[in-house]
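Engineer:
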Amino acid sequence: MAEWHRVAALSDLSLEAPLGVRIGDLQIAVVKLEDGVYAINDVCTHEYALLSEGFCEEGRIECPLHQACFDVRTGKVLNEPAEEDVATYPVKVEDGAVFVQVP
Numbered sequence: 121m122a123e124w125h126r127v128a129a130l131s132d133l134s135l136e137a138p139l140g141v142r143i144g145d146l147q148i149a150v151v152k153l154e155d156g157v158y159a160i161n162d163v164c165t166h167e168y169a170l171l172s173e174g175f176c177e178e179g180r181i182e183c184p185l186h187q188a189c190f191d192v193r194t195g196k197v198l199n200e201p202a203e204e205d206v207a208t209y210p211v212k213v214e215d216g217a218v219f220v221q222v223p
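Just add 120 to the spot in the sequence shown (first one is 1) and you have the working numbering.
1) Tell me which same chain residues have a C-beta within less than 7 Å of the C-beta of D162, skipping the five on either side of it?
2) Per the DSSP calculation, V192 is bridged to which residue(s)?
3) Which class does E173 belong to by DSSP, given the choice of helix, strand or coil?
4) Between the C-alpha atoms of R142 and A159, what's the straight-line distance to the nearest angstrom?
5) State the Cα-Cα distance for the pair V220 and H125, rounded to the nearest angstrom.
6) What are the boundary residues of the beta strand (DSSP E) that G140 is part of?
7) On the criterion of 16 or more Cβ atoms from any shown chain inside 10 Å, does G156 qualify as buried, or is it exposed?
8) Compute the Euclidean distance between the alpha carbons of R193 and D215, then round it to the nearest angstrom.
9) In three-state terms, what does DSSP make of L130?
10) Buried or exposed for K152, going by 16 or more other Cβ atoms inside 10 Å?
11) Going by the CB atoms, is the gap between V222 and A122 shorter than 9 Å?
Written out as structure tokens, the structure reads:
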């Protein structure tokens, strides 16, 4: 059963500045954009690198290792060398806290 986990205070998130969090065995990047807060798997699907350590702009997050880019909203690969999308996770904000739902 999927559960909600508090990962941060909304006030702790800066616009387009990824925050890496761990929930159980999952590494997740939480990103605040103009239109909401999003959560994706933090590990690049090309080679092991944390996306939260990369650059984010206009809803695109770039892997710091080989510059593969992913859409923060959908997890879709936007350019090579990655070929596989990253997982996305539902996010909700309640009373100033950010929650991510994971299986």
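The beta-carbon is built from N, C-alpha and C at its ideal position, and this holds for glycine as well.
Structural biologist: Considering the structure as presented:
1) Position 42 of the sequence shown, counted from the first residue, corresponds to residue 162. So the qualifying residues of the chain are G140, Q147, I148, A149, L170, L171, S172.
2) Position 72 of the sequence shown, counting from 1, holds the residue named residue 192. Beta-bridge pairing links V192 to no other residue.
3) For the purposes of this step, residue 173 is identified with residue 53 of the sequence shown, where counting begins at 1. Looking at E173 - three-state DSSP - the assignment turns out to be helix.
4) The residue you call residue 142 lines up with position 22 of the sequence shown. The residue you call residue 159 lines up with position 39 of the sequence shown. R142 and A159: Cα-Cα distance of roughly 12 Å.
5) Numbered from its first residue, the sequence shown carries residue 220 at position 100. Numbered from its first residue, the sequence shown carries residue 125 at position 5. Rounded to the nearest angstrom, the two C-alpha atoms are 5 Å apart.
6) Counted from its first residue, the sequence shown places residue 140 at position 20. Taken as a continuous stretch (DSSP letters only), the beta strand (DSSP E) holding G140 covers 139 to 143.
7) For the purposes of this step, residue 156 is taken as the residue at position 36 of the sequence shown. It counts as exposed.
8) Counted from its first residue, the sequence shown places residue 193 at position 73. Counted from its first residue, the sequence shown places residue 215 at position 95. Their backbone Cα atoms lie some 22 Å apart in a straight line.
9) One-based indexing of the sequence shown puts residue 130 at position 10. Collapsing the DSSP output to three states places L130 in a helix.
10) For the purposes of this step, residue 152 is taken as the residue at position 32 of the sequence shown. Looking at its Cβ environment, which holds 16 or more other Cβ atoms inside 10 Å, K152 is buried.
11) The sequence position of residue 122 within the sequence shown is 2, counting from 1. The sequence position of residue 222 within the sequence shown is 102, counting from 1. Against a cut-off of 9 Å, the Cβ pair of V222 and A122 comes out as a contact.
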